[in-house]
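Trainee: Mind looking over this structure? Questions follow.
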Amino acid sequence: LNSGLKNTKIKWEPIPIALGVSFLGVWQLYRVQRRERHTQIERKENEEAESLGRPKKRERIRPSGPWQVQIMSTLPLKALSRVWGRFNELTIPYYLRVPGFKLYSFIFGVNLSEVAEPDLHVFPNLASFFYRTLKPGARPLDPNPNAVLSPADGKIIQFGIIEHGEVEQVKGVTYSLDALLGSTRPKSRAPSIAGSETKSSEEHIKSGEQDAIRTDEEFANVNGISYTLPNLFSGPESKGGLPTEMPTDQSTAPAPSSEAEVRADLALSDASRPWWAPASTKTPSALYYCVIYLAPGDYHRFHSPVSWVVESRRHFAGELYSVSPYLQRTLPGLFTLNERVVLLGRWRWGFFSYTPVGATNVGSIKINFDRELRTNSLNTDTAADRAAEEAAARGEPYSGFAEATYEGASQVLGGYSLKRGEEMGGFQLG
Amino acid sequence: STIVLVFEAPKGVRPTLDEGYQEKRKGEFKWNIKDGMKVKVGEALGFV
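From first to last, the protein sequence lines are chains W and Y.
Each residue of the first sequence is one higher than the one before, starting from 125 at the first, in this note's numbering.
Each residue of the second sequence is one higher than the one before, starting from -14 at the first, in this note's numbering.
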C-alpha cells in the first residue's frame, strides 16, 4: 500500500460536464415521459371506472416545493423506510455492538450515562438501541402541577396560538387544523360538547350552575351521578393514584364572563363552529400549538404532557417525508402530508390533541395502549386504498384516516386516561 | 420524527384597573419556551 501510494502517478482531469449534463437531461426526459404515460393510464382507468360506476383509484399526493422536494416526491419513501427498518433489525455481531453504538452516540450526541441498560452488548441491533429506555429519575417532571410538560426530548420548532384554525409552519406559510387533525368531529362515546345527550348550555345558564358551560369537564353520567374530571383525578378512589394537578388556588382562575358575553357567544350556531373550536364560554380559552422535533440521537419514546383522557385516534396513512428542520421550512403542509397518528381527547381545560408524525427513517409509531395500530405497513396502505374506494362507492369524500375510539380501563371517563409524564409510546426505526 | 400538540387553554382576562397592571394576565396560559430551544421530557413547555 505504501509503495502503491508513493509510486502511483496522480493525473488530474476535468469532469466531462457536457456528458454529465446530457446524461441528466436524457434521464429527466425519460422521467417526464414516464410520468406522463402513467398519468394518461391513470386518467384512462379513472374514466373507465367512472363510466362503469366503479370507484376511482386513490390519488398519490404530489406536493409543491423546490426541486429537492420534487425529487423526494418521486422516491418510494415508505418502501425505503420499511427496508431501512428491516436493515436495522439485523443482529450486529457481539463484539461490534459496543464500538458501533458508541460511534453512533458520538455522532448523534447520545448521553450513554442516562441509558437504563448499562451493558450495550444487550442491544442486539440499532433498532433496539434506538428505542432504549432511560434510568428512573433521568427525566424529572416539573413540580408545578399547572405545567404542560414536554412530551419528548427534542427541539422546539414552532409554538404559538392558533388563529382562524390555521397553524403557522413557517413565517407566512400555514396549514389548516382540519388538514392536520381531520375535518370531521371524532366518533366518541362520551357526550359531545354540543350534543343533544347533554344539558344544553342555555339550560345550564338558566339553572345557574357554576362552571356549567364547561360540559367538557363532565365526563360521564352513570346512574345519574356526574363525575367531573378534577374530582376524578384528585378523588381518593382514582385508580393508580393520578396526581392532583388541577389548580386548586381559585385566585389564579380567570374571572367569570358576564352572562351577556356568554349569550353572545352562544349565538354562534354549533354547526358554524369547527369541531375543534374552543367550546368554553365561561372561561375564555384559545387553542395553542407546539411542534417538537426529535433528532436521531434523542430518546425516542414519548410521554403524556398533562393528565388527560384519550377518546379516539385517527391514523392518517400518508407519505413519509423527512421532517428535518430544513424540510419543515421548505415543504408547505409537511405535517399534513406525512403518516401520523392523531390522538384526540380532553383535559382540564377542554380539547387536547397529540400527534406523533412519522418520518422516512422513523416511520413506525407505537402507541402503548393501542395494540391494533399498525403504522408504515403495506396492509395499512391497502386498507387506506380500500377505504377510499368504499367512500367513493358511497358517494362520499374520503376522510383520509382510519378512526378508532378507546374504551379504556375507566368506563366513567369514556376513554383511556393518562397521567402527566406517563409513557405513551414511541417512534421506531423504519 | 415530530410531535405536534394542539390544546385548548385559558386565554386569560385582563385585570380590572383597581387590580393594577399584572405581567401575567389572570389565568392565561403562558409559554415557557423559545424557538429552537432544546427540551427534555418533563420540562415545562408552559403554565396555566
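For glycine and all other residues, C-beta sits at the position ideal for the given N, C-alpha and C.
Quantities reported herein were computed from a predicted structural model and do not represent experimental measurements.
Leaving out five residues on either side along the sequence, give the residues of the same chain with a beta carbon under 6 Å from the beta carbon of W:K202.
Mentor: Answer for W:K202: L444, listed in chain order.
Trainee: Do you know offhand how far W:V234's Cα is from W:A419's?
Mentor: One C-alpha to the other measures close to 10 Å.
Trainee: Tell me, please, whether the CB atom of Y:E8 is closer than 8 Å to any CB atom in chain W?
Mentor: Here Y:E8 scores only 49 on pLDDT, less than 50, and its place in the model is too uncertain to base an answer on.
Trainee: Please name the residue or residues paired with W:W471 in a DSSP beta bridge.
Mentor: Answer is W:W432 and W:G474.
Trainee: With H, G and I counted as helix, E and B as strand and the rest as coil, what does DSSP make of W:F230?
Mentor: In this structure, W:F230 counts as helix in the three-state DSSP scheme.
Trainee: Mind listing the chain Y neighbours of W:V465? Cutoff is C-beta to C-beta under 7 Å, in chain order.
Mentor: Per Cβ cutoff of 7 Å: no residues; W:V465 is ~10 Å from chain Y at best.
Trainee: Roughly how many angstroms lie between the CA atoms of W:A384 and W:P398, to the nearest whole one?
Mentor: Residue placement at W:A384 is flagged as unreliable, the pLDDT there being 49, under the threshold of 50; a coordinate-derived value is accordingly withheld.
Trainee: On the premise that W:F283 lies in contact with Y:I18, defined as a C-beta separation below 8 Å, what is that separation, rounded to the nearest angstrom?
Mentor: 6 Å between Cβ atoms; contact.
Trainee: Mapping DSSP to helix, strand and coil, what is W:T499?
Mentor: Coil at W:T499, not helix or strand.
Trainee: Out of W:E241, W:S431 and W:R210, which one is the CA nearest neighbour of W:N500?
Mentor: For the residues W:E241, W:S431 and W:R210, the minimum Cα distance to W:N500 belongs to W:R210.
Trainee: So for W:N212, helix, strand or coil by DSSP?
Mentor: If DSSP states are grouped into helix, strand and coil, W:N212 belongs with the helices.
Trainee: Three or more beta-carbon pairs under 8 Å between the stretch 427 to 446 of chain W and the stretch 455 to 472 of chain W, yes or no?
Mentor: Taking 8 Å as the limit for Cβ pairs, the verdict is that the stretch 455 to 472 of chain W does touch the stretch 427 to 446 of chain W.
Trainee: Mind reading off the beta-carbon distance from W:S229 to Y:F(-8)? Whole number of angstroms is fine, and I expect it under 8 Å.
Mentor: So it is not a contact: roughly 34 Å between Cβ atoms.
Trainee: Would you tell me roughly how many angstroms separate the C-alpha atoms of W:G224 and W:I280, rounded to the nearest one?
Mentor: Approximately 29 Å, taken between the alpha carbons.
Trainee: Taking Cβ positions only, does W:L418 come closer than 8 Å to chain Y?
Mentor: At least one chain Y Cβ lies under 8 Å of W:L418.
Trainee: Which chain Y residues are close to W:Y540, counting only those with a beta carbon under 8 Å from its beta carbon?
Mentor: Those within 8 Å of W:Y540 in chain Y number zero; the least Cβ separation is about 17 Å.
Trainee: Beta-carbon separation of W:I285 and W:N249 under 8 Å?
Mentor: Their beta carbons are not under 8 Å apart, which means W:I285 does not touch W:N249 by this criterion.
Trainee: Would you report the Cα separation of W:L125 and W:K226, rounded to the nearest angstrom?
Mentor: Cα to Cα, the separation comes out at about 30 Å.
Trainee: Establish whether the CB of W:Y219 and some CB of chain Y are separated by less than 8 Å.
Mentor: By this cut-off, W:Y219 is not an interface position.
Trainee: On the DSSP bridge list, what partners appear for W:Y540?
Mentor: W:V434.
Trainee: Starting from the Cα of Y:E13, find the closest Cα among Y:G27, Y:S(-14) and Y:P(-5) and give me that residue.
Mentor: The candidate whose alpha carbon is nearest that of Y:E13 is Y:P(-5).
Trainee: Check whether the stretch 480 to 497 of chain W touches the stretch 538 to 553 of chain W, counting contact only when three or more Cβ pairs, one atom from each stretch, lie closer than 8 Å.
Mentor: Taking 8 Å as the limit for Cβ pairs, the verdict is that the stretch 538 to 553 of chain W does touch the stretch 480 to 497 of chain W.
Trainee: Assign W:N268 to buried or exposed, taking buried as 16 or more other Cβ atoms, counted over all protein chains shown, within 10 Å of its Cβ.
Mentor: It is exposed - the Cβ of W:N268 has fewer than 16 other Cβ atoms within 10 Å.
Trainee: State yes or no: is the C-beta of W:S237 nearer than 7 Å to some heavy atom of the ligand SAH?
Mentor: This structure does not include the ligand SAH; it has no bound ligands of any sort.
Trainee: Quick one: measure Cβ to Cβ for W:L411 and W:V486, integer angstroms, because I've assumed they're closer than 8 Å.
Mentor: Not really, about 27 Å apart at Cβ, beyond 8 Å.
Trainee: Exposed or buried, W:I349, counting other C-beta atoms within 10 Å across all chains shown (16 or more means buried)?
Mentor: Residue confidence for W:I349 is low, a pLDDT of 33 falling below 50, so the modelled location carries little weight and cannot support an answer.
Trainee: Where DSSP assigns a beta bridge to W:L411, which residues make up the other side?
Mentor: Answer by DSSP bridge pairing, in chain order: Y:E(-7).
Trainee: Could you check what DSSP says for W:R464 in three-state terms: helix, strand or coil?
Mentor: The answer is strand: DSSP assigns W:R464 an E or B state.
Trainee: Residues of chain Y with CB under 8 Å from W:D266, in chain order?
Mentor: By Cβ distance, chain Y contributes G27, E28 and A29.
Trainee: Which of the residues in the stretch 277 to 308 of chain W, read from start to end, lie with their CB under 9 Å from any CB of chain Y?
Mentor: Cβ contacts with chain Y: D277, G278, K279, I280, I281, Q282, F283, G284, I285, I286, V291, L301, L304 and L305.
Trainee: The alpha helix (DSSP H) spanning W:T529 covers which residue range?
Mentor: Counting along the chain, W:T529 falls outside any alpha helix (DSSP H), though it belongs to the beta strand (DSSP E) covering A526 to T529.
Trainee: Going by CA-CA distance only, name the one from W:A276, W:D302, W:P275 and W:G278 that's closest to W:H288.
Mentor: Measuring from the Cα of W:H288, the nearest candidate turns out to be W:D302.
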